[in-house]
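Okay, so here's the structure we're looking at.
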Amino acid sequence: MCRHLAYLGQPRSIAELVLEPELGLLRQSYAPRDMRGGGTVNADGFGVGWYRPGAEGGPARYRHDQPLWTDSSFRALAAATESGAMLAAVRSATVGMPVVSTACAPFTDGHWLFSHNGMVTGWPHSIAEL
Numbered sequence: 562m563c564r565h566l567a568y569l570g571q572p573r574s575i576a577e578l579v580l581e582p583e584l585g586l587l588r589q590s591y592a593p594r595d596m597r598g599g600g601t602v603n604a605d606g607f608g609v610g611w612y613r614p615g616a617e618g619g620p621a622r623y624r625h626d627q628p629l630w631t632d633s634s635f636r637a638l639a640a641a642t643e644s645g646a647m648l649a650a651v652r653s654a655t656v657g658m659p660v661v662s663t664a665c666a667p668f669t670d671g672h673w674l675f676s677h678n679g680m681v682t683g684w685p686h687s688i689a690e691l
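With my numbering, letter number 127 in the sequence shown gets 688, and the count goes up by one each step, no holes.
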């Protein structure tokens, strides 16, 4: 079962929100308390998206198809990046789905940043425009 985190508030570093909390997404990626019968860890990738204060265009995003705890570059990026609007997820892939960065949330559509749990069959043609 994937884990998701959304934050809206005063600008804070991504590290403060994702990596540093005792029960944050980093810990939930390798030691989740409850997987509801699906998998044992969230090791099939991760992603973070954020809106840059004063920046034009859509959100910035970082996604990787490896476990969060193995990406040494992300720790430095997370410590140096602040935002007041952020969305992050760690992934436990649905059976049969590929383990690739493009399958890792968060996803984007124009200026929208979104996340979901599970699989959307026939994406993107199976649902209405966001």
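In this text, a Cβ means the ideal position worked out from N, Cα and C, and glycines have one as well.
Computed from a predicted model, the values in this text were never measured in an experiment.
Beta carbon of residue i nearer than 8 Å to that of residue j
i: residue 606; j: residue 623; result: no
i: residue 643; j: residue 573; result: yes
i: residue 587; j: residue 629; result: yes
i: residue 672; j: residue 610; result: no
i: residue 564; j: residue 603; result: yes
i: residue 645; j: residue 589; result: no
Inter-residue Cα distance where the pair is residue i and residue j
i: residue 658; j: residue 640; result: 31 Å
i: residue 631; j: residue 592; result: 14 Å
i: residue 667; j: residue 583; result: 22 Å
i: residue 663; j: residue 651; result: 13 Å
i: residue 649; j: residue 655; result: 18 Å
i: residue 613; j: residue 601; result: 34 Å
i: residue 576; j: residue 633; result: 12 Å
Sequence-distant residues of the same chain with beta carbon closer than 8 Å to residue i, five excluded per side
i: residue 669; result: 610, 619, 620, 622, 675
Nonlocal neighbours in the same chain, by C-beta distance under 6 Å from residue i, ignoring five residues either side
i: residue 566; result: 586, 649
Tell me the start and end of each unbroken beta strand (DSSP E) in the region 623-685 that is at least 3 residues and wholly inside, in chain order. 643-651, 668-670, 673-675
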